[in-house]
Amino acid sequence: PGSSDWQRLRIFLSALLTLSRRTVYRARLGASRLDQRRSADRTGLCAKITNIPDDGSRPMYLDPWMWRRFPAACRHIGQSTRLVIGHSERFAKFMRHARLSEVSAHRALIPGARLPYVKCRELIGAAGTYSSRWTLRGPAPGDRVYLDSTLLRQFERAAGRGPSHEFHNLGFGLYVAIVHEIVHWGADRLGHGGFWEEGEAWEEDVFGRNIKFYFNRWSRRYRIA
């Protein structure tokens, strides 16, 4: 009787393990399909919000891992880039320096489903970066824009403490960094990137000077000079 009980227990545990594996697989499969549907929904929603035709292109894509780790920073990115769209003069300057059409410029500034792909990583001496990718035929336009993880981490902490001078400084620096790098991404799409600092030209055109947003190694904080 004892051995039969152990055999039944083994069968039960084996069936439970198989069921759990199937459940996890179906959950992952369902999540991926749900993400695809949500991406499509966001794409249509972006077209409705900005009153522009849906030409099949995809807007800026914020890395899901970055959303989970830095939700306040990601929300700020979406809100600040929409401010560029809402300001006709700044939007025209963005289109000129990024060399994008009106539709492409709208989509590049709205968090949605595809490009540019915005991720975060530890950067040294820069709040953000964009670089072309290398192929067998030479340099080609890249599809990823990176933001410094330290900047996002500090903004997240400042946002949790509430409005302050540091919070506004970091928010402004984050806004400048993301739009600066998207300008590089846009100019590189048509092969115009790399020979001119388009991002700094955009800053001087909009703000009247190059924004010196840097990481102070002594205070371990970002500063605006």
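Residue numbers are given in the numbering used here: position 72 of the sequence shown equals residue 57, and the series is strictly consecutive. C-beta: ideal position from N, C-alpha, C; glycine also.
{"Check": "Please report the residue range of the beta strand (DSSP E) in which D190 lies.", "Outcome": "Not the beta strand (DSSP E): D190 falls in the alpha helix (DSSP H), residues 183 to 192."}
{"Check": "Let me check one thing: in DSSP terms, what residues is Y46 bridge-paired to?", "Outcome": "Y102"}
{"Check": "Going by the beta-carbon positions, is the gap between G171 and R84 smaller than 8 Å?", "Outcome": "yes"}
{"Check": "Cβ atoms of D128 and G113: under 8 Å apart, would you say?", "Outcome": "no"}
{"Check": "Among R106, G184, R206, which one has its Cα closest to the Cα of N154?", "Outcome": "R206"}
{"Check": "Closest by CA to A136, which one among E74, Y160, F192?", "Outcome": "According to the sequence shown, residue 136 is Leu rather than Ala. When only C-alpha atoms are compared, the closest one is Y160."}
{"Check": "Report the rounded CA-to-CA distance for D48 versus K104, giving the unit in angstroms.", "Outcome": "5 Å"}
{"Check": "Contact defined as beta carbons within less than 8 Å: I believe H61 pairs with F140. What is the distance between those atoms, to the nearest angstrom?", "Outcome": "7 Å"}
{"Check": "Whole angstroms is fine: what's the gap from T3's alpha carbon to F55's?", "Outcome": "36 Å"}
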